[in-house]
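All remarks here apply to the structure that follows.
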């Protein structure tokens, strides 16, 4: 996809890009006080929820069109740009009519290709930056497909927002970051700006600093963070919004990392360590190959003795002991658990192949 870098979007964009503002516009006073506070912290692009797609009915779904005069007043008064979420062609039409500077497509919309295509069709012939959040479910192809639909409509100022993925097993985050997915996205599309939304990943303001810093450590291009002048009284997402002054403290504490360092000594040392990593990876794969060879022998022996492939007691023992071994080796036990889930799945597959090979 041929796209323009952030610096050519015509929005006086900071590095990293910072977009901040209330989850939803509530009143003229709320918007004014929040924007005033954010401008004091150096924020130049304000996010503002006008329409709020909610999971359940009879909850606050945004004030709708009455927010636009308030937004226009804030734009003129504070000399800022505004970003608004759109979920239908009607939203696009109204946002454009009211001189909104940047649009984003939310996670629920991204999950539905029909919705994305309708929005894309309504954007044909328009020159406006569009950001696309990842779908709720961890589906990279669906995310990429949404960007492709918007790009095919002629939008070249296009970016992606990583806001985490729904995962009922995760009790720490509101939406699991699943960092491997945005990393894979950035690997495939290095020229498309990638923004992190720590507010929706965390769900709690106390967790936002660690996720925001992680995003910058991974060379994300910016952050979108929810902010409200009185978060505890917010009509939506109260627990994850920061006061403007707290956002300012957060931004001041974040560290940006260099992508390239023009230092021959550093480059030489880094290359040496990477070569050691390569050698270690070869050793790991050789050991893994040896393990799978032993798994195949187990399959052969089970076949001869008419024993089932899957034995729950053995799996329980493996699943219990490997994380314990990991702790002794200063490894993350949760990482090792996930690793052995994959190893176990492959082992079952290998033994099943042995059984089927004998049957043929």
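Residue numbers (the working numbering): 1191 to 1550. Yeah, the Cβ is synthetic: ideal placement off N, Cα and C, and Gly gets one too.
For residue 1544, the CB contacts under 7 Å within the same chain, skipping 5 residues up- and downstream, are 1486, 1489, 1490 and 1493 in chain order. Burial is judged here by how many other beta carbons sit within 10 angstroms of a residue's own beta carbon; residue 1389 has at least 16 and is buried. In the structure shown, residue 1278 falls within a coil segment according to DSSP collapsed to helix, strand and coil. The C-alpha of residue 1433 lies about 16 Å from the C-alpha of residue 1413. Taking C-beta separations shorter than 7 Å and ignoring five residues to either side along the sequence, the partners of residue 1407 in its chain run 1447, following chain order. Beta-bridge partners of residue 1339 (DSSP): none assigned. For residue 1313, the closest C-alpha among the options 1341, 1329 and 1331 is that of 1341. Comparing alpha-carbon positions, the option among 1309, 1251 and 1325 lying closest to residue 1318 turns out to be 1309. Here residue 1295 carries a strand assignment [DSSP, helix/strand/coil]. The three-state reading of DSSP puts residue 1237 in strand, counting E and B together. A distance below 6 Å between beta-carbons, with the five flanking residues on each side excluded, links residue 1326 to the following residues of its chain, in chain order: 1297, 1301 and 1356. Sequence-distant partners of residue 1303 (beyond 5 residues in either direction) whose C-beta falls short of 8 Å from its own C-beta, in its chain, are 1332, 1335, 1336 and 1339. In the displayed model, residue 1390 falls within a helix according to three-state DSSP.
In this structure, residue 1444 and residue 1400 do not form a Cβ contact; the two beta carbons are roughly 11 Å apart against a cut-off of 8 Å. Partner residues in the beta bridge of residue 1417, as assigned by DSSP, are 1432. Beta bridge pairing from DSSP links residue 1442 with no other residue.
Residue 1355 is bridged by DSSP to 1366. Of the residues 1263, 1469, 1220 and 1364, the one whose Cα lies closest to the Cα of residue 1396 is 1364. Shown here, residue 1290 sits in coil according to DSSP, grouped into three states, outside any helix or strand. Following the DSSP letters along the chain, one finds residue 1487 inside the alpha helix (DSSP H) bounded by residues 1454 to 1494.
For a cut-off of 8 Å, the C-beta gap from residue 1196 to residue 1207 is around 6 Å, short enough to register as a contact.
One alpha carbon belongs to residue 1228, the other to residue 1274, and they sit about 17 Å apart. In chain order, 1211, 1212, 1417, 1418, 1419 and 1434 place their CB closer than 7 Å to the CB of residue 1224, counting only its own chain and leaving out the 5 sequence neighbours on each side. The beta carbon of residue 1411 is closer than 7 Å to those of 1196, 1206, 1207, 1383, 1384 and 1385 in its chain, skipping five residues each way along the sequence. Looking at the DSSP output, residue 1273 bridges to 1237 and 1292.
With respect to the 7 Å criterion, residue 1294 and residue 1330 are not classified as neighbours on the basis of their beta carbons. The alpha-carbon of residue 1353 is positioned some 26 Å away from that of residue 1289. Between residue 1441 and the set 1199, 1198 and 1209, the nearest pair of CA atoms involves 1209. In this structure, DSSP gives residue 1221 a helical state, which the three-state scheme calls helix. In the DSSP assignment, residue 1502 falls within the unbroken alpha helix (DSSP H) covering 1502 to 1518. A check of alpha carbon separations from residue 1277 across 1257, 1307 and 1264 identifies 1307 as the nearest. Annotated three-state conformation of residue 1385 is strand, per DSSP. Where residue 1406 is concerned, the enclosing alpha helix (DSSP H) starts and stops at 1398 to 1407.
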